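Chemist: Residue 127 in the UniProt record's numbering is what sits at position 127 of the sequence shown, and the numbering runs on without skipping anything.
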Amino acid sequence: MSVTKISLIKCDDYSKADNAVREAVRLLGCISVFISPSEKILIKPNLLSPKDPSKAITTHPEIVRVVIKLVKEAGAVPAVGDSPGGAIRNIKNLWETTQMERICKEENVELINFEASGSKEFDINDKNIKKVNFSNAALDCDGIINLPKLKTHALMSFSAGVKNLYGLVPGLMKVEYHKYAFKSKDFADLLTNIYLFFKDKIRFTLIDGVLSMEGNGPSAGEVRKTNLIAASSDTAVLDAYLLNELNYDISNSGILKNLKITKDILKTVEVSGEKSESFNLKKFKFPSVRKLDLFPKSLIRILGKFLWVKADINEKICVKCMLCARACPAEAIRAAGNQYPHIDAEKCISCFCCHEMCPHKAVKFKKSMLAKIFIKEN
1 MSVTKISLIK
11 CDDYSKADNA
21 VREAVRLLGC
31 ISVFISPSEK
41 ILIKPNLLSP
51 KDPSKAITTH
61 PEIVRVVIKL
71 VKEAGAVPAV
81 GDSPGGAIRN
91 IKNLWETTQM
101 ERICKEENVE
111 LINFEASGSK
121 EFDINDKNIK
131 KVNFSNAALD
141 CDGIINLPKL
151 KTHALMSFSA
161 GVKNLYGLVP
171 GLMKVEYHKY
181 AFKSKDFADL
191 LTNIYLFFKD
201 KIRFTLIDGV
211 LSMEGNGPSA
221 GEVRKTNLIA
231 ASSDTAVLDA
241 YLLNELNYDI
251 SNSGILKNLK
261 ITKDILKTVE
271 VSGEKSESFN
281 LKKFKFPSVR
291 KLDLFPKSLI
301 RILGKFLWVK
311 ADINEKICVK
321 CMLCARACPA
331 EAIRAAGNQY
341 PHIDAEKCIS
351 CFCCHEMCPH
361 KAVKFKKSML
371 AKIFIKEN
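1. In whole angstroms, what separates the C-alpha of Val-363 from that of Val-223?
2. Hey, quick one: how far does the beta strand (DSSP E) through Glu-277 stretch, first residue to last?
3. Quick test of the definition: if touching needs 3 or more C-beta pairs under 8 Å, does the segment 1-18 touch the segment 121-141?
4. Checking 7 Å against the spacing of the C-beta atoms, do Ser-212 and Leu-150 come in under that value?
5. Residues bridged to Thr-98 by DSSP?
6. Count the C-beta pairs between the segment 279-287 and the segment 200-219 that are closer than 8 Å, then say yes if the count reaches three, no if not.
7. Within 10 Å of its beta-carbon, does Asn-90 have 16 or more other beta-carbons around it, so buried, or fewer, so exposed?
8. Among Met-357, Asp-234, Ile-63, whose alpha-carbon lies nearest the alpha-carbon of Thr-268?
9. Lys-364 by DSSP, collapsed to three states: which one?
10. Can you tell me the Cα-Cα spacing of Leu-48 and Val-162, whole angstroms?
11. Is Phe-122 helix, strand or coil when you go by DSSP?
12. Closest by CA to Asn-113, which one among Trp-95, Lys-105, Asp-189?
13. Could you tell me which of Gly-337, Glu-315, Thr-152, Asn-193 sits nearest to His-360, measuring between CA atoms?
14. Measuring CB atoms only, is the segment 187-197 touching the segment 239-249, in the sense that at least three cross pairs come out at less than 8 Å?
15. Looking at the C-beta of Leu-172, does it have a partner C-beta in chain C at a distance below 7 Å?
16. Please report the residue range of the alpha helix (DSSP H) in which Ser-184 lies.
17. Nearest to Lys-5 by CA position, among Val-67, Gly-215, Val-25, Ser-288, is which residue?
18. Is Gly-143 closer than 7 Å to Ile-41 when the C-beta atoms are compared?
19. What residues in its chain sit with their C-beta under 7 Å from that of Leu-323, if we drop five residues either side in the sequence?
20. If we require 3 or more residues per run, which beta strand (DSSP E) segments fall completely within the segment 12-52?
21. In this structure, how does DSSP classify Gly-254 when only helix, strand and coil are distinguished?
22. Pull up the distance between the alpha-carbon of Cys-321 and that of Pro-37, whole angstroms please.
23. Does DSSP put Ala-87 in a helix, in a strand, or in coil?
24. In terms of DSSP beta bridges, what is Ser-7 paired with?
25. Would you list the residues sitting across from Pro-78 in a DSSP beta bridge?
26. Quick check on DSSP: helix, strand or coil for Ala-311?
27. So, at 7 Å on beta carbons, what are the nonlocal neighbours of Ile-31 in its own chain, with the 5 sequence-adjacent residues on each side left out?
28. At the level of alpha carbons, what is the spacing between Gly-171 and Thr-226?
Pasting the structure below:
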């Protein structure tokens with residue numbers, strides 16, 4: 001069984017990102033191990049929505065800056081790109097707010113609009129979706145450096161390396177695929193197949209956990225200062241290692257189960273840098289809604305009509321931007337005239353795309369009476 005290298009570096013402020021990121025990569029074997037001169041390398045951050053980096057929703061621009069420099073120092077050509085969640089209409093606003101435009105201008109690198117660069121579709125052996133579209137930016141590059149944010153996720157519990165690759169699917173297609181993969185198991189299958197499709201192209205994954213998100217992420221959780229930069233050439237094992245350190249039972253992860261990554265595999269990991277105890281990882285809060293995953297499937301089938309969690313809109317917070325409606329794959333959200341959006345409970349498939357994309361944290365979780373008893377907030 002081969003040894004997987006993981007580096008953990010303490011970084012308590014993004015002003016120190018240069019040294020921290022460089023050390024994390026050096027401990028894996030230095031940048032020239034992963035990149036050859038003249039290659040075109042796609043740097044893939046998490047740019048979920050137009051939010052300031054201090055909100056811990058998107059990859060911090062200073063992390064991206066250091067990786068741009070490393071790629072250039074290896075003699076390769078970097079480009080930065082991602083496809084934000086939902087149906088965002090103003091990509092320039094997202095680039096400005098996340099500060100990606102500023103960083104790319106200062107470092108003189110291309111910032112790619114995945115939607116404008118075109119896409120091609122492929123059969124990736126997914127049981128629910130016959131063919132999946134991927135951005136040409138991801139297909140045409142020589143390699144990918146994956147720069148996810150360390151966050152929780154209402155549907156998948158956890159969002160890091162593997163989940164970040166869903167951004168290689170352009171724009172509205174992500175919403176479309178959620179129609180067919182709205183259950184956590186089906187979405188885990190899709191994410192697994194996307195990861196396997198691109199696995200050989202990923203040079204390494206470096207996770208931004210200086211500021212992380214816990215609770216009901218990936219956009220409505222709480223910011224947590226975890227002071228962590230983590231890197232590995234094996235994206236899935238890195239995810240599994242961090243989940244385990246966050247005291248999450250990795251056997252409950254559909255993605256890791258698909259990839260046959262167990263605690264025994266984690267025993268073969270070679271960790272360099274800081275010890276995991278050096279970081280603020282204890283008592284990390286995962287989404288309350290995912291406590292449903294702990295119930296036996298047989299019990300869920302019996303109590304399904306009485307044990308459920310659905311999205312609900314808080315009108316006191318809602319500003320009627322209607323991003324929730326545009327992000328809903330089931331078209332379950334409507335608004336008449338200038339009224340607040342309303343979620344049709346019969347149509348709602350509990351994929352929580354609306355929760356993920358709401359920029360104002362106005363989408364909450366509505367629970368059945370039985371769910372209120374068994375699923376409490378942390």
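Ideal placement from N, C-alpha and C gives every residue a C-beta, glycine not left out.
This one's a predicted model, so the numbers in the text were calculated from it and none came from an experiment.
Modeler: A quick look at the data gives this:
1. 18 Å
2. No beta strand (DSSP E) holds Glu-277; DSSP gives it neither H nor E.
3. no
4. yes
5. Note: Thr-98 sits in no beta bridge, so no partner.
6. yes
7. exposed
8. Asp-234
9. strand
10. 15 Å
11. strand
12. Trp-95
13. Glu-315
14. no
15. Note that chain C does not occur in the displayed structure, where there is just one protein chain.
16. 184-198
17. Val-25
18. yes
19. Gly-86, Met-357, Cys-358, Pro-359
20. 40-45
21. helix
22. 46 Å
23. Caution is warranted here: a pLDDT of 48 is assigned to Ala-87, below 50, making its placement in the model unreliable, and no coordinate value can be reported.
24. Ala-231, Ser-272
25. Ile-41
26. strand
27. Val-25, Leu-70, Glu-73, Ala-74
28. 31 Å
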